[in-house]
Amino acid sequence: MSPIVINFLLLVLGVLLLLWAGDWLVRGAASLARKWGVPALIVGLTIVAFGTSAPELVVSVQAVLRGASELAIGNVIGSNIANVLLVLGAPAIIMAIPTNVSGVARNSFAALAATLILMGLMFIHRPLVMWQGAILFLGIVLYLSWMFSLAKSGADDPALVDMAEIDEMSGMPSKMGVIVGFILFGIFGLAFGGHLIVENATQIAQAFNVSEAVIGLTIVAIGTSLPELATVIVAAYRGQTDVAIGNVLGSNIFNIFAVMGAAALTGAVHIPPKFMVFDIWVMLAAMVALTVFILRRMPISRPIGIVFLLGYILYMAAISREFVGAGLPA
0 MSPIVINFLL
10 LVLGVLLLLW
20 AGDWLVRGAA
30 SLARKWGVPA
40 LIVGLTIVAF
50 GTSAPELVVS
60 VQAVLRGASE
70 LAIGNVIGSN
80 IANVLLVLGA
90 PAIIMAIPTN
100 VSGVARNSFA
110 ALAATLILMG
120 LMFIHRPLVM
130 WQGAILFLGI
140 VLYLSWMFSL
150 AKSGADDPAL
160 VDMAEIDEMS
170 GMPSKMGVIV
180 GFILFGIFGL
190 AFGGHLIVEN
200 ATQIAQAFNV
210 SEAVIGLTIV
220 AIGTSLPELA
230 TVIVAAYRGQ
240 TDVAIGNVLG
250 SNIFNIFAVM
260 GAAALTGAVH
270 IPPKFMVFDI
280 WVMLAAMVAL
290 TVFILRRMPI
300 SRPIGIVFLL
310 GYILYMAAIS
320 REFVGAGLPA
């Protein structure tokens with residue numbers, strides 16, 4: 000078996016380990032918090048919210064620490080594009096996704112604002128450094144504070160529903176020994192999974208003579224978006240597509256504010272020049288399109304889902320040309 004095939008297999012293994020370990024960490028930490036009497040709302044707004052973004056967070060921080068920061072920005076931008084065009088596009092072919100859900104408009108504005116803030120910071124100074132990371136991370140603190148105030152006031156909000164899913168989880172551990180085991184496996188699994196992804200993504204990039212950013216935009220972004228895609232597809236089959244919009248918007252907000260913020264606080268995040276003329280505009284266009292549908296209360300129907308999916312395929316084809324141009328590794 001050639002080394003490059005082994006790299007791809009280890010990269011996939013890293014993604015699967017990240018997703019599995021992230022789920023175990025959420026279950027273990029949430030069970031521990033509830034055992035200590037922490038209110039469910041606090042558990043949802045902290046452990047569940049951050050835990051579901053743990054794969055992107057771990058990959059991005061480890062990438063910066065290992066000098067592959069282009070992988071971090073590629074992961075965030077690629078995930079946000081995939082969340083709109085792929086995660087909403089594919090399930091919409093099964094069943095139309097409604098956008099007239101209570102509270103979704105304010106979250107769409109928050110996601111659009113997060114996108115514009117990230118773009119603005121990227122134009123002001125490159126690479127992204129600590130002060131920009133602090134601004135982004137402040138965004139997630141303010142967003143969670145806002146969600147907390149909405150929850151206390153009894154407001155309906157799809158993001159709150161998404162964060163409160165912990166009450167419906169099966170397989171929650173109850174014995175302290177099992178809880179600790181869940182947490183330890185989650186922590187070490189995330190760390191090792193992130194290591195596998197960063198190391199093998201870097202080697203694949205070197206073998207194909209492409210940037211780590213391209214690997215982040217494609218393989219890693221799709222891999223870390225799999226939980227959102229699986230959640231929305233299952234919801235579509237069950238006729239519960241109203242949860243889809245909140246899932247995507249919340250994920251995009253966390254990717255920008257929490258994941259990119261933490262990455263920039265860890266070290267300088269270098270931005271490939273191509274991102275400034277292409278990829279960030281695709282991310283913005285996808286977010287603007289989704290916001291327009293939400294404001295006009297238009298469901299994401301099958302034809303629109305097909306357009307979204309075709310748009311994602313074309314985007315993948317455009318950035319994959321770097322692979323084709325580089326040729327197969329020797």
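All the letters of the sequence shown, read from the start, carry residue numbers 0 to 329 under numbering that gives the first Met the number 0. Beta carbons: idealized from backbone N, C-alpha and C, even for Gly.
State the DSSP-derived secondary structure class of Val306, mapped to helix, strand or coil.
helix
Are there three or more Cβ pairs, one per stretch, closer than 8 angstroms when the segment 8-15 is compared with the segment 186-198?
yes
At which residues does the alpha helix (DSSP H) containing Trp35 begin and terminate?
Here Trp35 belongs to no alpha helix (DSSP H), and DSSP marks it neither H nor E.
Residue range of the alpha helix (DSSP H) that Arg295 falls in?
No alpha helix (DSSP H) contains Arg295, which DSSP labels as neither H nor E.
Am I right that Ile92 and Gly304 are in contact with their C-beta atoms under 8 angstroms? What's the rounded C-beta distance?
5 angstroms
Alpha carbon to alpha carbon, what distance is there between Val219 and Ile96?
26 angstroms
Please list, in chain order, all residues of the same chain as Asn199 whose beta carbon is under 7 angstroms from its beta carbon, the five residues on each side excluded.
Asn6, Leu9, Leu10, Gly13
How is Ile270 classed by DSSP in three states: helix, strand or coil?
coil
Given this structure, state the Cα-to-Cα distance separating Leu64 from Pro302, to the nearest angstrom.
43 angstroms
Which whole-angstrom value is the C-beta distance of Ala267 and Ser68, which I expect to be below 8 angstroms?
6 angstroms
Proximity below 8 angstroms, CB of Ala89 to CB of Leu228:
yes
Top-ranked residue by Cα proximity to Leu248, from Val25, Ser107, Arg26, Val86
Ser107
By a C-beta neighbour count over all protein chains shown, 10 Å radius and 16 as the cutoff for buried, is Phe122 buried or exposed?
exposed
Classify Leu87 as helix, strand or coil using the three-state DSSP reduction.
coil
Which complete alpha helix (DSSP H) runs does the segment 201-228 hold, if anything under 4 residues is left out?
211-214, 220-223
To the nearest angstrom, how far is it from the Cα of Leu84 to the Cα of Leu308?
6 angstroms
Please determine, among Val276, Met282, Leu149, the residue with the shortest C-alpha to C-alpha distance to Asn254.
Met282
Could you pull the DSSP bridge partners for Ile96 from this structure?
Ile299
To the nearest angstrom, how far is the alpha carbon of Gly132 from that of Leu117?
10 angstroms
Report the option in Met259, Thr230, Ile214, Gly176 whose CA atom is closest to the CA atom of Met315.
Ile214
Integer Cβ distance of Val58 from Ile196, believed to fall under 8 angstroms:
5 angstroms
Taking the alpha carbon of Ala257 as the reference point, which residue from Phe136, Thr230, Gln202, Met297 has its own alpha carbon closest?
Phe136
Where Met129 and Gln202 are concerned, what is the direct C-alpha to C-alpha distance, given to the nearest angstrom?
27 angstroms
Are Leu294 and Ala32 touching if we call contact CB-CB under 8 angstroms?
no
Just to check my reading of the structure: Ala212 and Phe274 have Cβ atoms closer than 8 angstroms, yes? What is that Cβ distance to the nearest angstrom?
7 angstroms
Nearest neighbour of Leu183, chosen from Ile3, Trp23, Val4 [CA to CA]:
Trp23
Let me know if Asn208 comes out buried or exposed under the rule of 16 or more other beta-carbons within 10 Å of its beta-carbon.
exposed
Can you tell me where the alpha helix (DSSP H) with Phe122 in it begins and where it stops?
103-123
Nonlocal neighbours in the same chain, by C-beta distance under 8 angstroms from Ala261, ignoring five residues either side:
Leu56, Ser59, Val60, Gly132, Phe136
CA-to-CA distance, Thr230 to Arg237, given in whole angstroms:
11 angstroms
First and last residue of the alpha helix (DSSP H) that includes Pro126?
First-last for Pro126: undefined, no H or E at that position.
Mind checking whether Leu70 and Ala81 have CB atoms under 8 angstroms apart?
no
What number of angstroms, rounded off, separates the C-alpha of Ser224 from the C-alpha of Val86?
8 angstroms
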